[in-house]
Amino acid sequence: TTHLEMPLLLHLLTPSARTHHSLVAMWSDSDSEEEPITEEELAKLKEEVEEKKKLIATLRNKPWKMKKKLSVLKEAQLFVEKFEGALGKGKGKKFYAYKVMMTKKWMKFQRDFENFKTACIPWEMKIKEIESHFGSSVASYFIFLRWMYGINMILFGLTFGLVMVPEALMGKPYGSLPRKTVPRAEEASAMNFATLWDFSGFAQYSVLFYGYYNNQRTIGWLKFRMPLSYFLVGVGTIGYSFMIVIRTMARNANEDGGGDDTSFNFSWKMFTSWDYLIGNPETADNKFASITTSFKEAIVEEQESRKEENIHLTRFLRVLANFLALCTLAGSGYLIFFVVRRSQKFALEGLENYGWWERNEVNMVMSLLGMFCPTLFDVISSLENYHPRIALRWQLGRIFALFLGNLYTFIIALMDEINLKLEEEKIVKYNMSIWEASLYNGTIPENSTAPPIEVDPADVPRGPCWETMVGQEFVRLTVSDTMTTYVTILIGDFLRAVFVRFFNYCWCWDLEYGFPSYSEFDISGNVLGLIFNQGMIWMGSFYAPCLPAINVFRLHTSMYLQCWAVMCCNVPQERVFKASRSNNFYMAMLLFILFLSTLPAVYTIVSIPPSFDCGPFSGKTRMFEVISETLEHDFPSWFGKVFGYASNPGLILPFILLMVLSIYYLNATSKSYKEANLELKKKLQSKK
1 TTHLEMPLLL
11 HLLTPSARTH
21 HSLVAMWSDS
31 DSEEEPITEE
41 ELAKLKEEVE
51 EKKKLIATLR
61 NKPWKMKKKL
71 SVLKEAQLFV
81 EKFEGALGKG
91 KGKKFYAYKV
101 MMTKKWMKFQ
111 RDFENFKTAC
121 IPWEMKIKEI
131 ESHFGSSVAS
141 YFIFLRWMYG
151 INMILFGLTF
161 GLVMVPEALM
171 GKPYGSLPRK
181 TVPRAEEASA
191 MNFATLWDFS
201 GFAQYSVLFY
211 GYYNNQRTIG
221 WLKFRMPLSY
231 FLVGVGTIGY
241 SFMIVIRTMA
251 RNANEDGGGD
261 DTSFNFSWKM
271 FTSWDYLIGN
281 PETADNKFAS
291 ITTSFKEAIV
301 EEQESRKEEN
311 IHLTRFLRVL
321 ANFLALCTLA
331 GSGYLIFFVV
341 RRSQKFALEG
351 LENYGWWERN
361 EVNMVMSLLG
371 MFCPTLFDVI
381 SSLENYHPRI
391 ALRWQLGRIF
401 ALFLGNLYTF
411 IIALMDEINL
421 KLEEEKIVKY
431 NMSIWEASLY
441 NGTIPENSTA
451 PPIEVDPADV
461 PRGPCWETMV
471 GQEFVRLTVS
481 DTMTTYVTIL
491 IGDFLRAVFV
501 RFFNYCWCWD
511 LEYGFPSYSE
521 FDISGNVLGL
531 IFNQGMIWMG
541 SFYAPCLPAI
551 NVFRLHTSMY
561 LQCWAVMCCN
571 VPQERVFKAS
581 RSNNFYMAML
591 LFILFLSTLP
601 AVYTIVSIPP
611 SFDCGPFSGK
621 TRMFEVISET
631 LEHDFPSWFG
641 KVFGYASNPG
651 LILPFILLMV
661 LSIYYLNATS
671 KSYKEANLEL
681 KKKLQSKK
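Using the UniProt record's numbering, the letters of the sequence shown map in sequence onto residues 1 to 688.
See below:
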């Protein structure tokens with residue numbers, strides 16, 4: 001258009017369009033004449049640029065056709081690109097251009113940083129892919145596994161950096177003390193694979209276990225306080241675990257909000273699920289599968305809310321299912337009790353007289369029960385006809401009771417072993433006093449000298465060191481449980497899927513939809529296995545500092561192996577259901593196991609005397625005496641008095657009572673806020 005036609009066109013356009021075209025014409029005239037624009041014109045141009053930016057930001061919400069949206073978006077982007085940079089021309093406009101440039105760079109940096117943070121989340125894309133095909137319930141297990149991996153990385157960092165590395169670098173070397181030397185009778189087989197696989201031999205006399213550590217107050221040129229560090233790391237790992245579990249539960253409760261808003265559920269899923277920014281075909285396939293799975297979850301929720309059932313038949317079947325579950329639990333408990341009694345008999349007669357199965361019978365029976373009983377509980381739960389989420393919780397509760405009984409039966413057996421070791425230690429002490437007397441007492445001629453008697457550390461008699469024995473048992477149980485899990489995946493999932501896949505064409509019935517069919521992912525068994533394995537880590541890491549490292553390796557390999565098995569060998573559940581938004585059911589079980597796991601460790605620290613010739617607390621009556629020793633030697637006397645007053649039960653009990661009352665008050669306040677929130681939601685829904 002020419003300049004003569006411009007007034008007529010501006011008259012026919014809307015006010016905003018007239019402003020836009022007048023600014024374009026004005027700026028083109030200004031460029032042709034090379035004269036600076038006025039302040040009023042500059043303000044109008046800035047205002048128009050800001051309006052175009054707002055339009056670009058809110059264009060997705062406009063009720064326009066897609067063709068119109070694209071044309072308006074293109075026009076607005078061209079306008080902003082042209083005139084935003086041009087505002088930097090002319091006198092006094094450089095600062096604005098610099099500010100615009102820095103704003104763009106800052107927005108780009110924020111976007112790239114968010115993408116970087118997402119890319120740094122371990123296994124995020126793997127979990128998203130699993131969620132898209134198997135639903136949020138299966139994905140919740142892998143999210144929980146990733147969270148456990150992070151916790152164990154912290155525990156590994158504490159034990160490795162503050163216990164194992166200082167002892168290896170600054171402590172006395174191997175062979176300098178009897179506790180750091182393999183006995184002469186065991187040297188021939190100390191490096192055999194069977195011995196190392198049993199965590200004996202050189203593995204037993206290393207930084208992997210409690211007995212290797214010396215009881216010197218300070219070691220190395222840094223004067224590192226090893227006994228104090230060992231005790232504080234052991235207590236600190238438990239305290240950190242409590243803190244992080246409770247903090248996660250509180251955050252999940254806050255994210256839960258106060259109830260689901262189920263208004264127009266299917267309409268929201270239909271019209272708002274697709275992401276129009278997806279440009280990768282594989283990502284689009286995953287998103288399609290995710291939307292399909294979310295619809296299945298919503299349909300199951302709707303069907304369960306409207307289901308009508310025969311209440312008398314349902315009650316009978318549920319009572320029968322609970323009776324069968326109790327029989328299974330009682331049978332497994334008796335079997336473990338029987339095996340533990342046999343193991344005590346073998347220990348009294350000498351384990352070297354028995355084979356591999358008798359030495360590892362308790363661990364293998366516990367692993368086999370953990371492998372087969374969840375499957376039996378799954379069959380029993382099919383009688384109850386619960387909602388899938390409620391059925392999962394019943395299943396978790398039954399397996400929880402099974403694992404808890406197994407674990408505490410194992411602990412009771414260990415306590416009996418500890419008592420036997422303490423009795424044996426008394427005999428060893430008496431024999432060592434006789435051995436030392438016969439070694440150092442003698443007669444030499446008068447006015448003659450003799451060199452001091454030197455005894456090789458490998459030849460010195462030593463006590464049984466019950467702490468190392470406890471650590472070895474937990475390490476063996478962890479390793480055997482890990483191997484059982486991997487074998488179950490390879491045989492129960494992979495080989496089963498291969499058989500169904502290749503023999504389905506020549507079989508008498510349809511193997512895919514009949515027996516054996518492809519396996520489903522066992523959420524309850526895997527979650528409980530993960531939780532109880534972590535409980536063993538918390539209990540045994542005080543006596544085996546290597547346990548967090550073993551568990552980190554186990555979780556790392558489990559993530560890859562189970563992700564592969566789920567995608568290649570498993571099929572989605574027949575009744576896909578939506579996981580709860582707050583994962584606090586898992587966390588509550590983990591917190592309970594953490595509490596139960598601390599009881600045996602605290603009991604041994606407070607009540608049982610440490611071994612006299614091994615470990616950082618040897619020579620003390622109780623392990624916690626290292627605290628009073630440190631206060632006495634390393635702090636002024638007034639600090640010790642203040643600590644004594646602060647640890648007085650007369651102050652601790654009222655403080656605990658105050659904490660309980662505060663928690664009760666906060667819980668009541670939180671419930672009232674949730675009820676008020678639900679009432680407000682109901683009022684809003686009634687006004688729609």
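Idealized CB from N, CA, C, for every residue including glycine.
8 Å Cβ cutoff met for residue i and residue j
| i | j | result |
| --- | --- | --- |
| residue 163 | residue 233 | yes |
| residue 616 | residue 141 | no |
| residue 130 | residue 566 | yes |
| residue 246 | residue 170 | no |
| residue 371 | residue 488 | yes |
| residue 384 | residue 329 | no |
| residue 519 | residue 540 | no |
| residue 551 | residue 537 | yes |
| residue 640 | residue 629 | no |
| residue 402 | residue 523 | no |
| residue 132 | residue 293 | yes |
| residue 475 | residue 193 | no |
| residue 533 | residue 468 | no |
| residue 148 | residue 555 | yes |
| residue 514 | residue 209 | no |
| residue 542 | residue 601 | yes |
| residue 71 | residue 151 | no |
| residue 652 | residue 624 | no |
Close beta carbons around residue i, own chain, < 6 Å, minus the five adjacent residues each side
| i | result |
| --- | --- |
| residue 339 | 361, 362 and 365 |
| residue 572 | 134 |
| residue 584 | 249 and 252 |
| residue 525 | 374 |
For residue i: DSSP bridge partner residues
| i | result |
| --- | --- |
| residue 519 | 570 |
| residue 219 | 224 |
Any non-hydrogen atom of the ligand COA closer than 7 Å to residue i Cβ
| i | result |
| --- | --- |
| residue 362 | As far as ligands go, the structure on display features none, and thus does not contain the ligand COA. |
Residues near residue i in its chain [Cβ-Cβ closer than 8 Å; skip 5 each side]
| i | result |
| --- | --- |
| residue 462 | 178, 179, 183, 428, 613 and 614 |
| residue 80 | 49, 52, 53 and 56 |
| residue 117 | none |
| residue 394 | 381, 384 and 386 |
| residue 99 | none |
| residue 144 | 527, 530, 583 and 586 |
C-alpha distance - residue i paired with residue j, whole-angstrom precision
| i | j | result |
| --- | --- | --- |
| residue 215 | residue 108 | 57 Å |
| residue 331 | residue 343 | 18 Å |
| residue 202 | residue 190 | 6 Å |
| residue 322 | residue 405 | 17 Å |
| residue 126 | residue 559 | 10 Å |
| residue 174 | residue 410 | 32 Å |
| residue 333 | residue 324 | 14 Å |
| residue 167 | residue 422 | 26 Å |
| residue 238 | residue 682 | 43 Å |
| residue 59 | residue 137 | 36 Å |
| residue 258 | residue 673 | Bear in mind that the predicted position of residue 258 carries a pLDDT of just 49, short of 50, making it unreliable; the figure below should be weighed with that in mind. One C-alpha to the other measures close to 9 Å. |
| residue 611 | residue 155 | 25 Å |
| residue 76 | residue 44 | 16 Å |
| residue 314 | residue 335 | 32 Å |
Own chain, CB closer than 7 Å to residue i, minus 5 neighbours either side, in chain order
| i | result |
| --- | --- |
| residue 376 | 328 |
| residue 777 | Given a span of 1 to 688 for the chain in the structure shown, any question on residue 777 remains unanswerable. |
| residue 609 | 621 and 622 |
| residue 346 | 354 and 358 |
| residue 217 | 225 and 227 |
| residue 206 | 212 |
| residue 459 | 184 |
Proximity test, Cβ basis, 8 Å: residue i and chain C
| i | result |
| --- | --- |
| residue 501 | Looking for chain C here will not work: only one protein chain is present. |
> What are the uninterrupted segments assigned as alpha helix (DSSP H) that are 4 or more residues long and contained completely in the segment 138-217, given in chain order?
Replying inline: Unbroken alpha helix (DSSP H) stretches of 4 residues or longer found wholly inside the segment 138-217: 165-170 and 193-197, given in chain order.
>> What ranges does the alpha helix (DSSP H) occupy inside the segment 316-368, keeping only unbroken runs of at least 4 residues that lie completely in it?
In response: Note on the segment 316-368: whole alpha helix (DSSP H) runs with a minimum of 4 residues are 356-359, in chain order.
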